[in-house]
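Colleague: Numbering (the numbering used here), first residue to last: 39 to 140.
Dropping the structure in here first, questions after.
Okay, structure coming up:
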């Protein structure tokens, strides 16, 4: 979720201010931090022995989030953000089912 929000912020900052400024660099750095944190979470899922079916949904959510900032316009941004939201919801639901079954 944090990655999605930061990717949207990066896109909006680039649109509003361009890329050659501290505001954009701050947004870009925040995206890289969120990506690193998200990748670490994926690794922890794998190391914890979470079923591949659940991890795969987490990967889909991650991948849907990292492409948000590549949107060409506001409509595409919203579409990509919705794909990311839906993917995250699917992962959370699968993780909840897995935890409930333990």
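Ideal Cβ positions, reconstructed from N, Cα and C, are used throughout, including at glycine.
1. Helix, strand or coil: which one does DSSP assign to residue 86?
2. Between which two residues does the alpha helix (DSSP H) holding residue 113 run?
3. From residue 133 to residue 125, what does the alpha carbon distance come to, in whole angstroms?
4. Quick one: give me the first and last residue of the alpha helix (DSSP H) that residue 57 is part of.
5. Looking only at its chain, what residues have a beta carbon closer than 6 Å to the beta carbon of residue 68, apart from the 5 residues adjacent to it on each side?
6. Is the region 82-94 touching the region 44-63, taking contact as three or more C-beta pairs under 8 Å?
7. Measuring alpha carbon to alpha carbon, tell me which of 42, 76, 80 and 78 ends up nearest residue 65.
8. Tell me whether residue 99 sits in a helix, a strand or coil according to DSSP, three-state version.
9. Among the residues of its own chain, which have a CB less than 6 Å from the CB of residue 95, if the five just before and after it don't count?
Modeller: Judging by the given coordinates:
1. Reduced to three states, the DSSP call for residue 86 is coil.
2. Residues 112-139.
3. About 12 Å.
4. Per DSSP, residue 57 is not a residue of any alpha helix (DSSP H), being assigned neither H nor E.
5. A distance below 6 Å between beta-carbons, with the five flanking residues on each side excluded, links residue 68 to the following residues of its chain, in chain order: 44.
6. Contact fails between the region 82-94 and the region 44-63, because fewer than three Cβ pairs, one in each stretch, are under 8 Å apart.
7. Checking every option, the nearest Cα to that of residue 65 belongs to 42.
8. In the structure shown, the three-state DSSP call for residue 99 is helix.
9. 128, 129 and 132, listed in sequence order.
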